[in-house]
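J.:
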Ligand code: ADP
Ligand code: MG
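Numbering (UniProt numbering), first residue to last: 1 to 261.
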């Protein structure tokens, strides 16, 4: 049974999509069979992994609402062992349409159940909201990764997110764990970056991943090539950091591998 990890933070621009793409690609490079689900109507993970959202008309949402078989919409990527459930802009209307459905928070869980045994990891890229689709993702997930940008107001909104996670644990998904808080866009030269690291570690202690993701231009350029950074700059700081994160997560989950990668 694959481990389902949601990447969530209702704040935009904190590195959710960058993490979903690059963590998933790194897990695949470590030869874990990995599926990324793009659950954001902005479809940045879809385009970042080389598929034009304009050519996509079926997403996780149609699986949730219209009963489309998820297996029929899974796409291959340039990375071996990495597959994608794409997104497209119509996801925007989804939340409104879903309001009257029975068990509306548990739709994604049911959809994912059909393919869980085919993968080692299933990574869900959430949109910057705590709306119904994100709640579905957190209900379907075994754990959540919370990216936090090493910037001003890093902790802003975290309380609300942690509270939402608590409510979901109480009402919908008692087994949901916090896989870790991930510090992103770290700049070693900036005092501020270092202060944020200190503050977040002080508050959240061992909930914080050891691995810190540096600010790295290759990570921001890579989506325009339709590739994760590891596919064209495997030795770059950004790609290496996400590979370290993949190792850290594998070890944490008792799936550590010894490789030279
Ligand atoms: P989110 O999905 O949370 O909105 P993104 O992953 O799209 O955030 O990141 C926001 C912007 O910051 C994007 O332009 C992305 O390329 C850039 N970015 C994310 N992480 C890094 C990083 N570690 N170094 C440099 N740029 C980054
Ligand atoms: Mg995003």
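A virtual CB, placed ideally from N, CA and C, is assigned to each residue, including glycine.
Small disclaimer: the values here were computed from a predicted structure and weren't measured.
Quick check on residue 107: buried or exposed, where buried means 16 or more other Cβ atoms within 10 Å of its Cβ?
T.: With 16 or more other Cβ atoms within 10 Å, it is buried.
J.: Given this structure, state the Cα-to-Cα distance separating residue 265 from residue 117, to the nearest angstrom.
T.: Only positions 1 to 261 of the chain appear in this structure, which leaves residue 265 out of reach.
J.: Tell me, please, whether the stretch 52-71 touches the stretch 240-248 by the rule of three or more beta-carbon pairs shorter than 8 Å.
T.: In short, these stretches do not touch, since the Cβ pair count stays below three.
J.: Using alpha carbons as the reference points, say which of 30, 245, 235, 216 lies closest to residue 120.
T.: Checking every option, the nearest Cα to that of residue 120 belongs to 30.
J.: List the whole-angstrom C-beta distance separating residue 21 from residue 228, where the pair is believed to meet the contact cut-off of C-beta under 8 Å.
T.: Going by Cβ atoms, the distance from residue 21 to residue 228 rounds to 5 Å, so yes, they are a contact pair.
J.: Based on DSSP bridge pairs, tell me the residues matched to residue 4.
T.: Partner(s): 122.
J.: Give every residue of the same chain whose Cβ lies closer than 8 Å to the Cβ of residue 47, excluding the five residues on either side of it in the sequence, and list them in chain order.
T.: If we look at residue 47 and ignore the five residues flanking it on each side, its Cβ neighbours are 53, 223, 226.
J.: Could you check whether the Cβ of residue 192 sits closer than 8 Å to any heavy atom belonging to the ligand ADP?
T.: For the ligand ADP, not one heavy atom lies less than 8 Å from the Cβ of residue 192.
J.: Is any heavy atom of the ligand ADP found at a distance shorter than 8 Å from the C-beta of residue 213?
T.: Under cutoff, so the answer is yes.
J.: Taking residue 240 as part of the alpha helix (DSSP H), name the residues at either end of that continuous run.
T.: From DSSP, the alpha helix (DSSP H) with residue 240 extends over 237-252.
J.: Quick one, which of 66, 83, 67, 68 has its alpha-carbon nearest residue 74's?
T.: Closest option to residue 74, Cα to Cα, is 83.
J.: What does the alpha-carbon distance come out to for the pair residue 174 and residue 164?
T.: Cα-Cα distance, rounded: 13 Å.
J.: Along the chain, where does the beta strand (DSSP E) containing residue 143 start, and where does it finish?
T.: That run of the beta strand (DSSP E) goes 143-149.
J.: Return yes when at least one heavy atom of the ligand ADP lies under 8 Å from the C-beta of residue 134, else no.
T.: Because no heavy atom of the ligand ADP lies under 8 Å away, the Cβ of residue 134 does not count as near it: no.
J.: Hey, out of 80, 39, 123, whose CA is closest to residue 94's CA?
T.: Among 80, 39, 123, the Cα nearest to that of residue 94 belongs to 39.
J.: With DSSP run on the structure shown, which of helix, strand or coil describes residue 161?
T.: Helix at residue 161.
J.: Measuring only the C-alpha atoms, how far is residue 261 from residue 103?
T.: Caution is warranted here: a pLDDT of 48 is assigned to residue 261, below 50, making its placement in the model unreliable, and the coordinate value is therefore given only provisionally. Straight-line Cα distance between these residues: approximately 43 Å.
J.: How about residue 144 and residue 176: are their beta carbons less than 9 Å apart?
T.: Yes; because the gap between Cβ atoms is below 9 Å, this pair is in contact.
J.: By DSSP, does residue 39 sit in helix, in strand, or in coil?
T.: Reduced to three states, the DSSP call for residue 39 is strand.
J.: What residues match up with residue 214 in a beta bridge as DSSP calls it?
T.: Its beta-bridge partners are 186.
J.: Can you tell me whether residue 42 is buried or exposed, with buried defined as 16 or more other CB within 10 angstroms of its CB?
T.: Looking at its Cβ environment, which holds 16 or more other Cβ atoms inside 10 Å, residue 42 is buried.
J.: Considering only heavy atoms of the ligand MG, does any lie closer than 8 Å to the CB of residue 42?
T.: Yes; taking the cut-off as 8 Å, the Cβ of residue 42 has a heavy atom of the ligand MG nearer than that.
J.: Return the chain-ordered list of same chain residues with a C-beta closer than 8 Å to the C-beta of residue 253, the five sequence neighbours on each side being excluded.
T.: So the qualifying residues of the chain are 3.
J.: Just to confirm the assignment, what range does the alpha helix (DSSP H) spanning residue 196 have?
T.: Run containing residue 196: 191-204, per the alpha helix (DSSP H) assignment.
J.: Using the Cα positions of residue 248 and residue 209, report the straight-line distance between them to the nearest angstrom.
T.: Approximately 8 Å, taken between the alpha carbons.
J.: Excluding five sequence neighbours on each side, which residues of the same chain lie with their C-beta closer than 6 Å to the C-beta of residue 27?
T.: Correct list, in chain order: 34, 121, 246.
J.: Mapping DSSP to helix, strand and coil, what is residue 58?
T.: If DSSP states are grouped into helix, strand and coil, residue 58 belongs with coil.
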